[in-house]
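Each residue of the sequence shown is one higher than the one before, starting from 178 at the first, in the numbering used here.
Positions of the beta carbon are idealized from the N, C-alpha and C atoms, including for glycine.
As the structure is a computational prediction, the values presented were derived from the model and not from experiment.
This report concerns only the one structure given below.
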Amino acid sequence: MNRYLLIATVLALAACDRPPPEETVFDEKLETMERARAVEGQLQQRADEIDEKLKEREDPPQ
Numbered sequence: 178m179n180r181y182l183l184i185a186t187v188l189a190l191a192a193c194d195r196p197p198p199e200e201t202v203f204d205e206k207l208e209t210m211e212r213a214r215a216v217e218g219q220l221q222q223r224a225d226e227i228d229e230k231l232k233e234r235e236d237p238p239q
């Protein structure tokens, strides 16, 4: 009897799963911000590379 009660309880709790979160008005904005951060990192890396090349050009090794 206890075994059936335990199985029924486990099945009932497993069926009580939360529904997936609904989309909000902020989802699109958050996605845009994440993409902007990724692009910002790429731009900063490229700017650092350009700065390094300019420094090499101004001060050539002797």
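Expressed to the nearest angstrom, what Euclidean distance is found between the alpha-carbon atoms of residue 197 and residue 223?
In a straight line, the C-alpha of residue 197 is about 40 Å away from that of residue 223.
Provide the residue span of the alpha helix (DSSP H) that contains residue 212, from first to last.
That run of the alpha helix (DSSP H) goes 203 to 235.
Where does residue 195 sit, in a helix, a strand or coil, going by DSSP?
Three-state DSSP puts residue 195 in coil, outside helix and strand.
At the level of alpha carbons, what is the spacing between residue 226 and residue 236?
Those two C-alpha atoms are separated by around 16 Å.
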